[in-house]
Amino acid sequence: MNILLVGSGGREHALAWKIAQSPLVTRLVCAPGNAGIGEVAELAPVGAGDIGGLVRLAKEMDAGLVVIGPEQPLADGLADRLAEDGIAAFGPSRAAAQLEASKAFTKEFCVRHAIPTARHATVTDIEAAKAFLDTMQPPFVLKADGLAAGKGVVIAPDRATADAEAAEMLSGRFGDASRTLVIEENLTGVEASVFALCDGIHAVPLVAAQDHKRVGEGDTGPNTGGMGAFSPTPEVDAAMVQRVMEEIIQPTVRGMAEEGHPFRGVLYAGLMIGSAGPKLIEYNCRFGDPECQILMMRLKSDIVPAMMACAEGTLGALEPLEWDPSPAVIVVMAAEGYPGEIRRGTVIRGLEDASDMEGVEIFHAGTAHDDAGEVIAAGGRVLGVTARGDTLRHAVERAYAAVDQIDWPEGFCRRDIAWRVLGR
Ligand code: AMP
Ligand code: GLY
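With numbering that gives the first Met the number 0, letter number 299 in the sequence shown gets 298, and the count goes up by one each step, no holes.
As structure tokens, this is what we get:
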């Protein structure tokens, strides 16, 4: 079978690496890909935003499956357009992708289906925002309704900040994405990600992971796309995953089907696990990045039949997925300045020595080749140094040993990935 993979991040490099290992694959093309993905797949110069171009490419290459990595093409209806041409897609329809693309939709959906989440209100004007804030205690959580590249959440420590932020967001700080605002209760507890494969009716849990969203050590500084992650985590054991499936994921899959938008693909639940149990912070309609990289490291089964089963509605008949019990960790190396202004084009050396180390894989995110064939930084998050080990500590030691082989003075990483669990 020929497979088209859409995207260019570390998540897509890990997916390409895993898909390329499948004996079912004849040809794997990635659009647009990056320097690392080019080592395991053919690259096609079609951007993830070019829906028409991607559909044409899928037809030209006779794709039996299109794997859609990022959220934007899903929210733009790529899966729907492929379905019109009878091409199977791993990823939800535009209507089902609302679970990520509209926080207001998801909050109302949770209310309709009794899915535990933070108490909230959806507002479009400042008077309504203030009226709801009057009923809340600080800190106040304000969220742009639409996609804002991971930057649309503000946690305001006091009421004056909340009022000012709400006014700015409503007047378009994130464009149309923030003209509707969700204001919600601040949740406390342990944050974790649970992933499930879905075929519209059935849902199969994957393993859980914990991300590190803040740029600075000790979880300080601004939010990022994610600076590192590990799996498994003692804070989300198999019993907790089962509870999340029963209380959150399964009611969601049922509810989406009842409402006429069956969800197919991977559903990523961002959770806060507190004294009252797990509550949904947000849904994403795709794999997490960098969580995907460690999930792919730990998955022993072929991923292609699982993705096809999601597309074809046959997940109920899929052989159980097998996981490597060894822990895996990913340390993200980013360009200096990330998540703010970054410098591009700096040269990265030592990648081969690092990836030759036992148990280590280097997944590329924002990389490219320069004219001399050197790997250069071409984005904010640039590399995902991923390692497996006999224990979590062993995996962490291997990952940082590999980081130390990489010669890239203009890059940085957090040195404390998994610290909260290891420090106990
Ligand atoms: P999101 O973009 O929805 O993932 O939010 C970004 C981050 O903000 C989350 O990973 C949480 O750490 C935090 N956050 C979002 N909503 C809440 C909430 N209701 N209570 C506490 N923290 C939250
Ligand atoms: N790691 C967070 C995300 O993919 O949204």
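The beta carbon of each residue, even a glycine, is placed where N, CA and C say it ideally should be.
No experiment lies behind these values; they were computed from the predicted model shown.
Pick helix, strand or coil for residue i, following the three-state DSSP scheme.
i, result
"W322", "strand"
"C291", "helix"
"D406", "strand"
"M306", "helix"
"V420", "helix"
"I36", "helix"
"Q209", "strand"
"I248", "helix"
"H112", "coil"
So does residue i have its beta carbon nearer than 7 Å to some heavy atom of the ligand GLY?
i, result
"L222", "Checking the sequence shown, residue 222 turns out to be Asn, not Leu. No, since every heavy atom of the ligand GLY falls outside the 7 Å radius drawn around the Cβ of N222."
"E290", "yes"
"D218", "no"
"N283", "yes"
"D79", "no"
"G287", "yes"
I need the straight-line Cα distance from residue i to residue j, nearest angstrom please.
i, j, result
"E360", "V374", "16 Å"
"G379", "I416", "18 Å"
"E167", "K299", "48 Å"
"V122", "V181", "6 Å"
"D75", "A88", "14 Å"
"E311", "G215", "42 Å"
"M307", "L64", "7 Å"
"V206", "V328", "13 Å"
"I247", "L186", "16 Å"
"G52", "A238", "44 Å"
"E234", "T390", "15 Å"
"I280", "A268", "8 Å"
Any heavy atom of the ligand AMP within a distance shorter than 7 Å of the CB on residue i?
i, result
"I280", "yes"
"G225", "no"
"G269", "yes"
"N33", "no"
"E190", "yes"
"A120", "no"
"I154", "yes"
Does the beta-carbon of residue i have 16 or more other beta-carbons within 10 angstroms, so that it is buried, or is it exposed?
i, result
"P324", "exposed"
"T219", "exposed"
"D288", "buried"
"V54", "buried"
"R414", "exposed"
Sequence ranges, beta strand (DSSP E) only - wholly within the stretch 331 to 370, length at least 3: Complete beta strand (DSSP E) runs here, min 3: 359 to 363 and 366 to 368.
Any alpha helix (DSSP H) of 4 or more consecutive residues that is wholly inside the stretch 1 to 58: 9 to 19
4 or more residues per run - each alpha helix (DSSP H) lying fully within the stretch 126 to 211: 158 to 169
Segments assigned alpha helix (DSSP H), at least 4 residues, entirely inside the stretch 65 to 92: 70 to 74 and 77 to 83
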